[in-house]
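J.:
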Ligand SMILES: C[S@@+](CC[C@H](N)C(=O)[O-])C[C@H]1O[C@@H](n2cnc3c(N)ncnc32)[C@H](O)[C@@H]1O
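In our numbering, the protein residues as written are 298 to 516.
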């Protein structure tokens with residue numbers, strides 16, 4: 298019998314918190330769980346894209362920590378989290394008092410994981426698999442704040458994303474990026490706000506600690 302997407306997420310993860318975000322519970326996969334052992338063929342046979350949603354990436358953790366510690370960053374705002382993955386930044390923003398949070402990810406597994414995780418933490422978030430990069434606004438009007446957690450890992454996507462964000466800046470939207478300086482992160486037009494040492498998994502990051510910063514995009 299094949300598993301539904303939700304059953305697949307639950308079967309391949311354990312509810313846990315990360316050291317940096319003890320307030321947030323997430324369905325996450327440990328390194329020794331089968332989801333990480335699957336090769337591309339097995340993943341394709343199971344109809345599962347690479348499970349980015351099953352890991353709390355260093356950049357997303359930094360951004361979530363920043364929101365929880367500085368609720369004024371998001372309080373009362375309409376927030377968009379692009380590339381939400383597990384939904385950790387979206388959940389943190391809602392916990393910190395954001396009025397509306399849209400968590401968007403083109404992977405339907407990620408959106409289901411984010412919804413499960415929001416429920417675990419008793420917060421409501423709006424979700425969508427729509428590709429909003431390049432769009433002027435969302436279903437709920439214009440955004441006050443766009444959050445990007447660890448999305449600069451691939452060149453074409455990073456270029457497209459940066460061009461879109463830079464185009465939106467003059468409209469007054471604020472852009473916050475959580476990133477451990479991945480290869481394709483913009484190197485100019487960013488103001489560093491804070492850096493966290495984020496415990497991570499050496500199986501995915503080649504290191505058990507990554508420095509991840511929160512950056513504000515500036516014109
Ligand atoms: C490395 S993960 C980061 C997840 C989360 N923000 C975090 O920090 O843990 C990147 C996520 O971006 C999503 N993604 C890739 N291209 C996207 C696009 N065009 N629009 C929205 N999400 C996208 C992927 O599916 C993946 O879940």
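Here a beta-carbon is modelled for each residue, glycine too, at the ideal position from N, C-alpha and C. A quick note: this is a predicted structure, and the numbers were derived from the prediction, not measured.
Taking only three categories from DSSP, how would you classify residue 335?
T.: Residue state, collapsed to three classes: coil.
J.: Considering residue 492, what are the terminal residues of the beta strand (DSSP E) in which it resides?
T.: 487 to 496 is the extent of the beta strand (DSSP E) around residue 492.
J.: Compute the Euclidean distance between the alpha carbons of residue 382 and residue 426, then round it to the nearest angstrom.
T.: Cα to Cα, the separation comes out at about 11 Å.
J.: May I ask you to report which of helix, strand or coil DSSP gives residue 392?
T.: Helix at residue 392.
J.: Hey, is residue 450 close to ligand 1, as in C-beta under 7 Å from one of its heavy atoms?
T.: The answer is yes for residue 450.
J.: So, under 8 Å CB-CB, residue 491 and residue 470 are touching, yes? Tell me the CB distance rounded to an integer number of Å.
T.: Not really, about 21 Å apart at Cβ, beyond 8 Å.
J.: With a threshold of 7 Å (Cβ to nearest heavy atom), would residue 333 be considered close to ligand 1?
T.: Checking the Cβ of residue 333 against ligand 1 gives no.
J.: Do residue 356 and residue 476 have their C-beta atoms within less than 8 Å of each other?
T.: It is a contact, given that the beta carbons lie within the stated cut-off.
J.: Starting from the Cα of residue 416, find the closest Cα among 321, 512, 514 and 301 and give me that residue.
T.: When each option's Cα is compared against that of residue 416, the closest is 321.
J.: Within 10 angstroms of the Cβ of residue 397, are there 16 or more other Cβ atoms? Answer buried if so, exposed if not.
T.: Per the 10 Å Cβ criterion, buried.
J.: Here's a check: name, in chain order, each residue in its chain whose Cβ is nearer than 6 Å to the Cβ of residue 482, leaving out the five neighbours to either side.
T.: Excluding residues within five positions, the ones whose Cβ falls inside 6 Å are 449 and 476.
J.: Can you have a look at residue 380 and say buried or exposed, based on whether 16 or more other CB atoms are within 10 angstroms of its CB?
T.: Classification for residue 380: buried.
J.: Quick one: Cα of residue 472 to Cα of residue 302, how far?
T.: C-alpha separation (whole angstroms): 31 Å.
J.: Consult DSSP for residue 422 and reduce its assignment to one of helix, strand or coil.
T.: Correct three-state label for residue 422: coil.
J.: Between the alpha carbons of residue 463 and residue 516, how many angstroms are there, rounded?
T.: Residue 463 and residue 516: Cα-Cα distance of roughly 7 Å.
J.: Verify the contact flag: residue 454, CB atom, against every heavy atom of ligand 1, threshold strictly below 7 Å.
T.: Checking the Cβ of residue 454 against ligand 1 gives yes.
J.: According to the Cβ coordinates, are residue 323 and residue 313 closer than 8 Å?
T.: Closer than 8 Å, so yes.
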